[in-house]
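Peer 1:
Okay, structure coming up:
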């Protein structure tokens, strides 16, 4: 070993002992002939002292040292005269007798401090330096700990961690697959898994009873802000269970993680039907850290000759407490905000319940004070509150109100990162109609079981059928989701019909699962958590990027090692493919 | 829940309680109007009894039941009249009051028993049924437990489990990469990792200090008997350590696994230099469960006009205890065995030390009894022993003798699967000369550090330079290997020179690692264990295939779901590639 102790280990009790330390030069300063160095490793920082009388050789070496040099020192632990109470080793220092330079360092392109002066691009290019910074490394240590806690919890409950193939079969359903040409099978391709869904269901058919895996998944999508082409899931499946069993097990897991990693007790998770989430929060992943629920004003607000409302399918609003003093400028800003294409509202109506008791709105022409007060009553609005109203087609308006609610929550400081509000959203619709392709899509996936009591509706009103599907939502973020699965091959065939698969398509894509179901499939259900998102939430980050050691940028590039990259012609030849760059 | 207990849970103490069980019909038999069913789940088997007076509805259902039907039953736990001491639930049975068929089953294509009647192909096609068999599932449960024990051990020692990218940069060195076309970067490709080697070294540069990962790796090789295109490694790296520290840590891990999973104490692991392994065992992965060491007879056997020996570079043999009675036929068989292309010997010379004191050899014409006895002495041969001798070029002959030694070990029953002999093979050569491409290859990989005392030989006798590289070998299987790394960019450049890389090639392939080394790289070393092989050894299997839930066959196919497969033309177009099947 190059060291007897780490840089975070020595305390006053070790005073007088000889120690060998190794690490990086965090800082070097000179003071009255003495040289002080903060020596850093993963475990902490220890102060080194070189006095005036150091041998010439050491002095020579000392001169060369700059930030991020890797050195090894030997010396005696002694009490520090001016203690640093901010660090655990702050009561001691090392009186250095021997200094070895293990590796020199060029001047780093940004400072290796908790608050770096490096921009995003440079930090990503030199990711190995960025990872030296405490906040970045702390997140990855948290990630490692979380993975271990997940495994401990599930292993104690008879779950078998089982690896499923990374080289699997391509299926056209869902997002785009990454594909891998097979050299041994020319003209054929593997696909990287978007999820191990089918394999985990096969493991249930195989009688594994309880499966989990912390597993990489892949989606070749156009990368939006917080997407990565490869991401990690906590993937689980259980046999002989019903929805309640899955919710209880994974509510337990989530509580366990909060307890062990955040020392936080979160109470029992409320259940909220999808419909309620959409109508009260305008979102299937409501942030319940604050109220500000959406109210339906459609009946109240119609029939007063305000054409926009009279023609609207839906009118709804939220009440922002204490915002009645919003200025014209602030309201214009909000109006522009809701008109952005991402939100897509046509305009914003407001009602101010002023602190002097007066009421003022942008639609005073059409509504008298009593009308507006009646609206206020439906919100429980008080003096000082501001009501913000949108109208239009119901589902878009609810979405827009949901976004506006979150924005007002931000402005009012109601979204505290240290408060965690988990809940289950349940009773999702089984199917979603896509008006473009004129077909139903599975809202969760094609193997999701309808609620038994809704099965008769499959033939008459498929859009009304609810699924035994559920999402875990924390603070407005969908952390995980899952469903009870269909385990009966006839019902599964019927689902494929509804989703517009021909018999042949269903057979080609899912034939082996359907075949498996013929040999005695147990009832089963499962769930998957987005591991990166969960780490990000626990770390208080806004993005998943820094939960990943070596992430990719928005073009799917690793700018550190410049991947992807061209490959040799011969390699493509062996794979029996060629580039096709010119035909469009 | 569909059950109150599992099929492995109930005991005599639960007599009289009401229970609900669910599982698969393992066996159904009728006896004197009663019907007995063995109900199976992952946890065990419980006997169900349906008496003559069961309601008609139950009787009707009972008639339909065949093997592998999934059923749910409710009834009372009662003492069994004829106990089955072979299973933990053998003292009780369930007096069934209610029977529900959850899933029917077609007749399975092979019997779901510990000893199946299914051949390999059919078992792989219906892998989900094969996985129902206890021995197959037990291996996967062992695998899950082993992964957890590995993690517990390493987490307790400050290792951070860190995920590295699956979509990484292609490098021409080493085995063939699987590559993945990038849609967002037309004409460019990711590669799947053959190992996370460079990333783990970057994590050391990043100051992570101790890294591990249980990780999928990929090699696009022509698949030999026991290869899989995707396999799993326990991948580790440590900073500020020397070879001894790595050996101590991972010897500790290995002992921990033997202790916790096999309840076996293995002593301290011997260290054997590579040269000794090659000369005594003809292998760099010696099976030390038995002696039968190779002896060099070159000096003793030359000069007696036996042309084959006189012209041979090397003559060596092994002594098979108690085999002097081998018949002509057995010796011919052995001769043919060593002449197979895999072994490649030209012929086999034997000397029998008969129990009557006489000596008989296939080269009696050239050697007198005293000559032969002198050979015997060098082996410590006794009456009843058989000496088997090969000759030729030294390295091939040693290899062939190594194989012959293993074969004789098998025949003599010296390779007991319940005995475990771990050892470290150390002091590997740094470089291997490839006479075909006339260049040196890194024996371990290009980042392996030479022994400091051998560095001067790099310029004069590179082939003699020993590396700080080590392999963990158990029972003749290479379980893992690793090395101390070069952490100095000048020495690394020198290695790339020796390996015949131009400056540009080295820069293009490893430039980002070399750049990283410029910012203060700590001394570091690492190791990787073949996880599939370790599981296979602990499970007493001869192949890694059954350590993998969904393995591929020798053509890299998953015969269950028929992957790889053709993909849609449009998918290739999006990726800007096309097939190129006709040009050869």
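Protein chains in written order, with the UniProt record's numbering: chain A, 1 to 584; chain B, 1 to 584. All residues carry an ideal CB built from backbone N, CA and C; glycine is no exception.
(1) Select from the region 555 to 568 of chain A all residues with a C-beta closer than 8 Å to any C-beta belonging to chain B, and list them in chain order.
(2) Would you say residue 367 of chain A reaches chain B, if we count a Cβ-Cβ gap shorter than 8 Å as a contact?
(3) May I ask you to verify whether the region 469 to 481 of chain B touches the region 418 to 425 of chain B, counting CB pairs closer than 8 Å and requiring at least 3?
(4) Taking the CB atoms as reference points, tell me whether residue 487 of chain B and residue 521 of chain B lie closer together than 8 Å.
(5) Starting from residue 27 of chain B and walking both ways along the beta strand (DSSP E), at which residues does that stretch end?
(6) Sort out for me which residues DSSP pairs residue 198 of chain B with in a bridge.
(7) Looking at chain A, which residues of the region 164 to 185 of chain B have a Cβ within less than 8 Å of any of its Cβ atoms?
(8) When we look at the beta-carbon of residue 433 of chain B and count the other beta-carbons within 10 Å, is it buried (16 or more) or exposed?
(9) Within 8 Å, do at least three Cβ pairs link the region 133 to 148 of chain B to the region 168 to 179 of chain B?
(10) If we ignore side chains and look at the alpha-carbon of each, how far apart do residue 446 of chain A and residue 258 of chain A end up?
(11) Bridge partners of residue 525 of chain B, per DSSP?
(12) Give a yes or no on whether 8 Å exceeds the smallest Cβ distance from residue 577 of chain B to chain A.
(13) Tell me which same chain residues have a C-beta within less than 6 Å of the C-beta of residue 588 of chain A, skipping the five on either side of it?
(14) In chain order, what are the residue ranges of uninterrupted alpha helix (DSSP H) at least 4 long that sit wholly in the region 319 to 393 of chain B?
(15) Label residue 3 of chain B either buried or exposed according to how many other C-beta atoms from any shown protein chain fall within 10 Å of its C-beta, with 16 as the threshold for buried.
(16) Could you pull out every unbroken beta strand (DSSP E) segment of at least 3 residues lying fully inside the region 136 to 191 of chain A, listed in chain order?
(17) Between the region 454 to 471 of chain A and the region 397 to 417 of chain A, do at least 3 Cβ pairs fall closer than 8 Å?
(18) Residue 232 of chain B touches chain A at which residues, Cβ-Cβ below 7 Å?
(19) So residue 354 of chain A and residue 383 of chain A are supposed to be a Cβ contact under 8 Å. How far apart are they, rounded?
(20) Apart from the five residues on each side of it in sequence, which residues of its chain come closer than 6 Å, Cβ to Cβ, to residue 220 of chain B?
(21) Using the beta-carbon count (16 or more within 10 Å), is residue 368 of chain B buried or exposed?
(22) Using the rule of at least 16 other Cβ atoms within 10 Å of the residue's Cβ for burial, across every protein chain shown, is residue 83 of chain B buried or exposed?
(23) How long is the line joining the alpha carbons of residue 89 of chain B and residue 115 of chain B, rounded to whole angstroms?
(24) Using 8 Å as the limit for Cβ to Cβ distance, is residue 526 of chain B near chain A?
(25) List the whole-angstrom C-beta distance separating residue 236 of chain A from residue 526 of chain A, where the pair is believed to meet the contact cut-off of C-beta under 8 Å.
(26) Do you know offhand how far residue 93 of chain B's Cα is from residue 155 of chain A's?
(27) What is the rounded straight-line gap between the Cα of residue 316 of chain B and the Cα of residue 352 of chain B?
(28) Within 10 Å of its beta-carbon, does residue 430 of chain B have 16 or more other beta-carbons around it, so buried, or fewer, so exposed?
(29) Quick check on DSSP: helix, strand or coil for residue 567 of chain A?
(30) In this structure, how does DSSP classify residue 308 of chain B when only helix, strand and coil are distinguished?
(31) To which residues of the same chain is residue 539 of chain A closer than 7 Å at the C-beta, ignoring the five residues directly before and after it?
(32) Relative to the C-alpha of residue 533 of chain B, which candidate in B/403, B/545 and B/44 has its C-alpha closest?
(33) Which two residues bound the contiguous beta strand (DSSP E) that contains residue 100 of chain A?
(34) Nearest to residue 286 of chain B by alpha carbon, out of B/199, B/572 and B/403?
(35) Against chain A, does residue 153 of chain B count as a neighbour if the rule is that its beta carbon must be under 8 Å from one of theirs?
(36) Return yes when the Cβ of residue 95 of chain B is within less than 8 Å of the Cβ of residue 49 of chain B, no when it is not.
Peer 2: This is what the structure holds:
(1) When C-beta distances to chain B are compared with 8 Å, the residues of the region 555 to 568 of chain A below that value are 555, 556, 557, 558, 560, 561, 562, 563, 564, 565, 566, 567 and 568, in chain order.
(2) Using beta-carbon distances, residue 367 of chain A does not count as an interface residue toward chain B, since no partner is under 8 Å.
(3) A contact between stretches requires three or more CB pairs, one per stretch, nearer than 8 Å, and the region 469 to 481 of chain B meets this requirement with the region 418 to 425 of chain B.
(4) In contact: residue 487 of chain B and residue 521 of chain B (Cβ atoms closer than 8 Å).
(5) Start and end: 18 to 31.
(6) Under DSSP, residue 198 of chain B forms no beta bridge with any residue.
(7) So the list reads 164, 165, 166, 167, 168, 169, 170, 172, 176, 177, 178, 179, 180, 181, 182, 183, 184 and 185, given in the order they occur along the chain.
(8) By the neighbour-count criterion, in which 16 or more other beta carbons inside 10 Å mark a residue as buried, residue 433 of chain B falls on the exposed side.
(9) Between the region 168 to 179 of chain B and the region 133 to 148 of chain B there are fewer than three C-beta pairs closer than 8 Å, too few to call the two in contact.
(10) One C-alpha to the other measures close to 32 Å.
(11) Paired residue(s): B/238 and B/484.
(12) So, interface residue.
(13) Outside the shown range of chain A, which is 1 to 584, sits residue 588 of chain A, and nothing can be said about it.
(14) Here the runs fully enclosed are 328 to 339 and 369 to 379.
(15) So residue 3 of chain B ends up on the buried side.
(16) For the region 136 to 191 of chain A, the continuous beta strand (DSSP E) assignments of 3+ residues that do not extend past its boundaries occur at 179 to 181 and 189 to 191, in sequence order.
(17) Touching, no.
(18) The contacting residues are 163.
(19) Confirmed, about 7 Å.
(20) So the qualifying residues of the chain are 176 and 178.
(21) So residue 368 of chain B counts as exposed.
(22) Per the 10 Å Cβ criterion, exposed.
(23) Rounded to whole angstroms, the separation of the alpha carbons of residue 115 of chain B and residue 89 of chain B is 21 Å.
(24) Residue 526 of chain B does not count as touching chain A.
(25) With a Cβ gap of about 5 Å, residue 236 of chain A and residue 526 of chain A count as contacting.
(26) Cα-Cα distance, rounded: 29 Å.
(27) Near 16 Å, if we compare the C-alpha coordinates of residue 352 of chain B and residue 316 of chain B.
(28) Here residue 430 of chain B is buried. Its C-beta has 16 or more other C-beta atoms within 10 Å.
(29) Reduced to three states, the DSSP call for residue 567 of chain A is coil.
(30) Residue state, collapsed to three classes: helix.
(31) The residues are 139, 142 and 547.
(32) The shortest C-alpha separation from residue 533 of chain B is found at B/545.
(33) For residue 100 of chain A, the uninterrupted beta strand (DSSP E) run begins and ends at 92 to 103, by DSSP.
(34) Residue B/403 is the option with its Cα nearest to residue 286 of chain B.
(35) Residue 153 of chain B does not count as touching chain A.
(36) Contact flag set, yes.
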